[in-house]
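>
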Amino acid sequence: MSDVADPQYAHQGELRALLQGYWKPHVAVAAVRLGVVDAMPGDGSAVAAGEVAGAIGADPVALHRFLRALASIGLTIDHGGGQFALSETGLRLRADHPQSLKGMALHVGTRLSPALANLHTVVREGHPPEGVKWGPEGFAELDRDPAAAAIFNQSMADNSRRIAGQAAAAYDFSRFATIMDVGGGYGAVLAQILKAAPNATGTVLDLEHARAGAERLFAAEGIAERARFVTASFFEPFPEVADAYVLKYILHDWNDEHARRIVVQLGDAAWRSGGTVLIIEKVMPEQVTANPDHAIAMQGDMTMMLWNGAERTQAGFAALLAHGSLALTAMVPLPDNHWVLEARPA
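For the sequence shown, the UniProt record's numbering gives the first residue as 1, with consecutive numbering after it.
(1) In terms of DSSP beta bridges, what is residue 245 paired with?
(2) Looking at C-beta atoms only, is the number of pairs between the stretch 97-113 and the stretch 149-164 that lie closer than 8 angstroms three or more?
(3) Just to confirm my understanding: we take residue 276, look at its own chain, exclude 5 residues before and 5 after, and list those with CB closer than 6 angstroms. What are they?
(4) My guess is that residue 306 and residue 118 are in contact by the Cβ rule of under 8 angstroms, so how many angstroms apart are they, rounded?
(5) Let me know if residue 12 comes out buried or exposed under the rule of 16 or more other beta-carbons within 10 Å of its beta-carbon.
(6) Rounded C-beta distance between residue 283 and residue 326? I'm assuming under 8 angstroms.
(7) Which residues does DSSP list as the beta-bridge partners of residue 195?
(8) By DSSP, does residue 289 sit in helix, in strand, or in coil?
(9) Are there 16 or more other CB atoms within 10 angstroms of the CB of residue 339, so buried, or fewer, so exposed?
(10) Decide yes or no for the touch test of the stretch 311-320 against the stretch 253-271: beta carbon pairs closer than 8 angstroms, at least 3 of them.
(11) Once you ignore the five residues that flank residue 273 on each side, which residues in its own chain have a CB closer than 8 angstroms to its CB?
(12) My guess is that residue 248 and residue 164 are in contact by the Cβ rule of under 8 angstroms, so how many angstroms apart are they, rounded?
(13) Is the number of C-beta pairs between the stretch 13-33 and the stretch 42-57 that are closer than 8 angstroms three or more?
(14) Distance cutoff 8 angstroms, beta carbons only. Does residue 109 sit that close to anything in chain B?
(15) So, helix, strand or coil for residue 339, using DSSP?
(16) Restricting to Cα atoms, I'd like to know which of 202, 185 and 184 is closest to residue 174.
(17) Run the CB neighbour count on residue 280, radius 10 Å, all protein chains shown included, and call it buried at 16 or more, exposed below.
(18) As a quick exercise: from 221, 269 and 238, pick the residue whose alpha carbon is nearest that of residue 194.
(19) Looking at the strands, I want to know which residues DSSP matches up with residue 201.
(20) How would you label residue 169, buried or exposed, when you count the other beta carbons within 10 angstroms and need 16 or more for buried?
(21) For residue 300, does the three-state DSSP call read helix, strand or coil?
(22) Of the choices 172, 200, 34 and 208, whose alpha-carbon is the least far from that of residue 184?
(23) Decide if residue 179 is buried, meaning its Cβ has at least 16 other Cβ atoms within 10 Å, or exposed.
(24) So which of 317, 75, 323 and 90 has the shortest CA-CA distance to residue 278?
(25) Assign residue 344 to one of three DSSP states: helix, strand, or coil.
(26) If you check the beta carbons only, do residue 171 and residue 213 fall under 8 angstroms apart?
(27) Going along the chain, which residues of its own chain have a beta-carbon closer than 7 angstroms to the beta-carbon of residue 330, five neighbours each way excluded?
(28) Could you please give the first and the last residue of the uninterrupted alpha helix (DSSP H) stretch that includes residue 173?
(29) Quick check on residue 1: does DSSP put it in helix, strand or coil?
(30) Express the C-alpha separation of residue 246 and residue 227 in angstroms, rounding to a whole number.
(31) Please report the straight-line C-alpha distance between residue 346 and residue 322, rounded to a whole angstrom.
(32) Would you check whether the ligand SAH has a heavy atom nearer than 7 angstroms to the C-beta of residue 95?
(33) Would you check if the distance between the CB atom of residue 350 and the CB atom of residue 70 is smaller than 8 angstroms?
(34) Residues in its own chain within less than 7 angstroms of residue 108 by CB, not counting five upstream and five downstream?
Structural data, given as structure tokens:
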């Protein structure tokens, strides 16, 4: 009898499964960093493991074992005889898939996983350890490191397509003539919103490191004539105003001190234009229980704590917005504990 089936060891089995789950994201990230997924057919057809090994310059025996490991977590399909294909899930790690999460995988591998090794220090000290750049300094570093900036911005774009598409379906953006994507990176959020609001024009406000990627995305999404990029910091007065200001995954990057500075500028712009503020974020439960929705929420909070950021409760958002003379007027639920929080000058 296995220890999972034996009631005496049931809880130990649950804990063992939790602790041993560490390897799965590392295997997925390695598949991307090695170029395995992009070397396999994008139509889901099978290919010999040896052929993939040759294409990426990997040891053929190790690569065969690696493809079997990918099959065990549903990223490849083992057809036997050394033949493997990408599964529907695995295909979404390819750069050319319309639902690609390749950027997110690289972000997990190069930034999130190494940072998680510091979690115990962050909890003990209440802030990131010395040498870890966070806040404005951390984002300014992206301007000096094009490779890191590309991974970060592509990861945000990969994740934003889905969430922004859900937000655009749940909330009526067509009422706005001008929409500003504040801290919008490559503009993936703005692209989804402009598709749902065909008569609107939009602006991405962000640092210069995101400009080239944003302009490429505008062209690829067919919105180049309706979208612009403006280089500016959201810690400073906005150089222009809009009817709607969208912030997706912005406020959670910052501790309360820095988030208040953003909200002050946001409130100033909204008061100048009479505009609406739309925040797309996770909303933390007031009391946490062991359920999947709360686990998703707390995963986000632990991740943000690594860089001195924070997820917030509804009350936390309301208190924060008050610093910009803004008040919550509506909350629209999205999947996976995400929300559109609507706020207006008050």
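Idealized CB from N, CA, C, for every residue including glycine. Just so you know, these numbers come straight off a predicted model, no measurement behind them.
Working from what's here:
(1) Here the question's residue 245 lines up with position 245 in the sequence shown. Looking at the DSSP assignment, residue 245 forms a beta bridge with 180 and 277.
(2) Judged by pairs of C-beta atoms under 8 angstroms, the stretch 97-113 touches the stretch 149-164, as three or more such pairs exist.
(3) Locating residue 276 in the sequence shown gives position 276, where the first residue counts as 1. Non-local beta-carbon contacts of residue 276 in its own chain, meaning distances under 6 angstroms to residues more than five positions away in sequence, involve 244 and 344 in chain order.
(4) Numbered from its first residue, the sequence shown carries residue 306 at position 306. Numbered from its first residue, the sequence shown carries residue 118 at position 118. Between residue 118 and residue 306 the Cβ distance is about 7 angstroms, and since that is below 8 angstroms, they are a contact.
(5) Position 12 of the sequence shown holds residue 12. It is exposed - the Cβ of residue 12 has fewer than 16 other Cβ atoms within 10 Å.
(6) Numbered from its first residue, the sequence shown carries residue 283 at position 283. Numbered from its first residue, the sequence shown carries residue 326 at position 326. For residue 283 against residue 326, the beta-carbon gap comes to about 16 angstroms, at or over 8 angstroms, which does not count as contact.
(7) Along the sequence shown, read from residue 1 onward, the residue named residue 195 stands at position 195. For residue 195, no pairing in a beta bridge is given by DSSP.
(8) Position 289 of the sequence shown, counted from the start, is the residue given in the question as residue 289. In the three-state reduction of the DSSP assignment, residue 289 falls in the coil class.
(9) As a working note, residue 339 is residue 339 in the sequence shown. Residue 339 should be labelled buried.
(10) Contact between the stretch 311-320 and the stretch 253-271 is present, because at least three Cβ pairs lie under 8 angstroms.
(11) Taking the sequence shown and counting its residues from 1, one reaches residue 273 at position 273. The residues are 241, 242 and 243.
(12) If you number the sequence shown from 1, residue 248 lands on position 248. If you number the sequence shown from 1, residue 164 lands on position 164. About 6 angstroms separates the two Cβ atoms, so the contact holds.
(13) With the cut-off at 8 angstroms, the stretch 13-33 and the stretch 42-57 do not touch.
(14) Absent from the structure: chain B. Only one protein chain is present.
(15) The residue given as residue 339 occupies position 339 in the sequence shown. Judged by DSSP in its simplified three-state form, residue 339 adopts strand.
(16) Translated into the one-based positions of the sequence shown, residue 174 becomes position 174. Residue 202 is the option with its Cα nearest to residue 174.
(17) On the sequence shown, residue 280 is found 280 positions in, with the first residue counted as 1. Counting of Cβ neighbours within 10 angstroms places residue 280 among the buried residues, the total reaching 16 or more.
(18) By 1-based counting over the sequence shown, the position of residue 194 is 194. Nearest option by C-alpha distance: 221.
(19) For the purposes of this step, residue 201 is taken as residue 201 along the sequence shown, with counting starting at 1. The beta-bridge partner set that DSSP reports for residue 201 consists of 178.
(20) Within the sequence shown, the letter at position 169 stands for residue 169. Exposed is the call here.
(21) Counting from one through the sequence shown, the residue named residue 300 turns up at place 300. The answer is helix: DSSP assigns residue 300 an H, G or I state.
(22) Taking the sequence shown and counting its residues from 1, one reaches residue 184 at position 184. Of the candidates 172, 200, 34 and 208, the one whose C-alpha sits nearest the C-alpha of residue 184 is 208.
(23) Looking up residue 179 in the sequence shown gives position 179. The residue is buried, with at least 16 neighbouring Cβ atoms inside 10 Å.
(24) Your numbering for residue 278 matches position 278 in the sequence shown. Scanning 317, 75, 323 and 90 for the CA closest to the CA of residue 278 turns up 317.
(25) One-based indexing of the sequence shown puts residue 344 at position 344. Looking at residue 344 - three-state DSSP - the assignment turns out to be strand.
(26) Numbered from its first residue, the sequence shown carries residue 171 at position 171. Numbered from its first residue, the sequence shown carries residue 213 at position 213. Residue 171 is not a Cβ neighbour of residue 213, given a cutoff of 8 angstroms.
(27) The residue you call residue 330 lines up with position 330 of the sequence shown. Excluding sequence neighbours, residue 330 sits near 342.
(28) As a position in the sequence shown, residue 173 is number 173, starting the count at 1. Unbroken run through residue 173: none, as it is neither H nor E.
(29) Your numbering for residue 1 matches position 1 in the sequence shown. Residue confidence is low: residue 1 scores 43 on pLDDT, short of 50, so the model does not pin down where it sits. No coordinate-derived value is stated.
(30) The residue labelled residue 227 in the question sits at position 227 within the sequence shown. The residue labelled residue 246 in the question sits at position 246 within the sequence shown. The C-alpha of residue 227 lies about 14 angstroms from the C-alpha of residue 246.
(31) In the sequence shown, counting from the first residue as 1, residue 346 sits at position 346. In the sequence shown, counting from the first residue as 1, residue 322 sits at position 322. In a straight line, the C-alpha of residue 346 is about 8 angstroms away from that of residue 322.
(32) Here there are no bound small molecules, and the ligand SAH is not part of this structure.
(33) Residue 350 lies beyond the range of the chain shown here (1 to 346); nothing can be said about it.
(34) Working through the sequence shown from its first residue, we reach residue 108 at position 108. Counting only Cβ-Cβ distances below 7 angstroms, and skipping sequence neighbours, we find 25 and 29.
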